[in-house]
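Undergrad: Shown below is the structure under consideration.
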Amino acid sequence: MAEKVRAMLRGVGSLLNIYPGPQRYEDLLLTGSAEDRLAEHWQRVGGHLRNAMDGYRDAEIGHRKQTRARKESPTAH
């Protein structure tokens, strides 16, 4: 029970830690210029869009192959 109370107090304390110590503050600082960060963000967005489009293309190709196989099958009704 004491461990649960300690964990709860540690969690509440982390919520109330508005001004982090210097070692944690350095982790929060942004690096690079605004332009660099924006370019990096759009590169990630482009990668996500490319992955989504590739997945859609692969699914569409698979669907076309299944449809073609059904049409060509002699047992298709």
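Sequential numbering of the sequence shown, starting at 1, is according to the numbering used here. Where a beta carbon is used, it is the ideal one built from N, C-alpha and C, also for glycine.
Whole angstroms are fine: how far does the CA of M1 sit from the CA of D36?
TA: The residue you call residue 36 lines up with position 36 of the sequence shown. The residue you call residue 1 lines up with position 1 of the sequence shown. Using only the alpha carbons, I get a separation of about 49 Å.
Undergrad: Between which two residues does the alpha helix (DSSP H) harbouring G46 extend?
TA: Numbered from 1 along the sequence shown, position 46 holds the residue referred to as residue 46. Unbroken alpha helix (DSSP H) run through G46: 34-72.
Undergrad: Where does the unbroken alpha helix (DSSP H) through M8 begin, and where does it stop?
TA: As a first step, residue 8 is located in the sequence shown; it is residue number 8 there, counting from the start. Looking at the DSSP string, the run of the alpha helix (DSSP H) that includes M8 is 2-16.
Undergrad: Taking the straight line between their C-alpha atoms, what separation do you get for G47 and Y56?
TA: Numbered from its first residue, the sequence shown carries residue 47 at position 47. Numbered from its first residue, the sequence shown carries residue 56 at position 56. Roughly 14 Å separates the two Cα atoms.
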